[in-house]
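In my numbering, each residue's number is its place in the sequence shown (first place is 1) plus 17.
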Amino acid sequence: MRNKLKLHQLYSQVIREGLPFSYLVEWADQQLMMGNINDAIIRLSLADSREQAISAVVALLGTSILLNEPILLPEISILSQAYVLGVHEQCIEYQADRVLIWCPYAQGQPVPEKIKPEWIRQLQAIFAATDVIKQGLFQYCTQDFPDILEAYREAECEDYAWQVVGIRLDESGQQIVLTLMPNLDFAAEEYGLPDWPVDTLYIDLQCESDKIKISRIYD
């Protein structure tokens with residue numbers, strides 16, 4: 018049900034931007050006029066306080082989706098929380114939230130428990146280039162999956178589609194590979210949206226003077 022996504026967007030605005038709860042009530046009234054009738058929508062339509070409206074929205078959407086924001090990369094603060102998983106294929110593997118970060122490793126060298134400062138600087142440049150990466154990703158999807166991207170855009174949820182799950186750095190600090198997967202928290206079928214035909218995308222980046230450029234995107 019795509020209309021649920023609009024409700025989620027309104028909910029986020031009410032919680033984070035102070036939008037009046039009456040916008041949630043208006044959404045419910047519109048659904049009833051369209052014949053989308055259930056107890057939770059009726060409850061939201063009758064809400065006469067912010068608390069009642071929010072409670073009704075939680076009943077409609079569940080708590081999981083309400084906690085999720087449409088992000089390609091998580092907050093940069095996660096880097097300070099990263100912890101080492103071990104050495105894998107000549108890389109030190111770290112985990113920061115849901116993102117795996119692979120840093121170059123030379124045999125016999127100590128394995129830092131935390132990501133080293135020089136790697137942090139590279140990662141900060143990547144996070145700062147989120148908009149550039151997102152623009153390149155959408156251009157790729159426009160070429161290879163135009164119908165699917167258009168469906169997501171019509172539902173105003175293209176920002177929910179993909180998330181970065183892996184970042185691989187190289188010894189030179191210039192070649193970077195991002196691994197992306199469809200957003201694990203976004204259930205496309207609940208909104209009548211198609212699944213993406215590929216499970217994984219890769220984006221090759223170049224970092225020059227802390228400036229990020231996209232070399233290629235592929236699956």
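Backbone N, C-alpha and C fix where the C-beta goes; we use that ideal spot for every residue, glycine too. None of the values given here were measured: they were computed from a predicted structure.
I'd like to know whether the C-beta of residue i is nearer than 9 Å to at least one C-beta of chain B.
i, result
"Gln192", "The structure shown has no chain B; it contains just one protein chain."
What residues match up with residue i in a beta bridge as DSSP calls it?
i, result
"Tyr100", "Gln112"
"Pro214", "DSSP lists no partner for Pro214."
"Cys120", "Ile109"
"Gly79", "Paired residues: none, contrary to the question."
"Cys224", "Ile229"
"Ile184", "Ile118, Leu195"
"Tyr219", "Thr196, Tyr235"
"Trp179", "Pro199"
Alpha helix (DSSP H) containing residue i: first to last residue?
i, result
"Gln160", "147–161"
"Glu188", "Element bounds for Glu188: n/a, residue is neither H nor E."
"Ala172", "Run containing Ala172: none; DSSP gives neither H nor E here."
Under 9 Å between the Cβ atoms of residue i and residue j?
i, j, result
"Gln141", "Leu197", "no"
"Leu222", "Ala113", "no"
"Leu210", "Ala168", "yes"
"Leu78", "Ala70", "no"
"Ala99", "Ile150", "no"
"Leu22", "Leu41", "no"
Restricting to Cα atoms, I'd like to know which of the options is closest to residue i.
i, options, result
"Ile165", "Tyr28, Arg60, Glu106, Glu206", "Glu206"
"Asp236", "Ile54, Pro199, Pro134", "Pro199"
"Arg138", "Gly125, Asp148, Gly190", "Gly190"
"Gln192", "Trp136, Leu24, Gly125, Ala204", "Trp136"
"Glu171", "Tyr208, Val101, Leu27", "Tyr208"
"Ala204", "Ile32, Glu225, Cys174", "Cys174"
On the DSSP letters alone, give me the boundaries of the beta strand (DSSP E) that residue i sits inside.
i, result
"Val42", "Premise fails: Val42 lies in the alpha helix (DSSP H), 39–50, not in any beta strand (DSSP E)."
"Ser232", "228–235"
"Ile193", "192–199"
Original post:
Quick one: any contact between the region 210–220 and the region 158–171, if contact means 3 or more CB pairs under 8 Å?
Top reply: yes
Subject >> At least 3 beta-carbon pairs within less than 8 Å: the region 87–97 vs the region 180–188 >> reply: yes
Original post:
If you pair each beta-carbon of the region 182–193 with each one of the region 118–134, do three or more pairs fall below 8 Å?
Top reply: yes
Original post:
If you pair each beta-carbon of the region 30–45 with each one of the region 223–235, do three or more pairs fall below 8 Å?
Top reply: no
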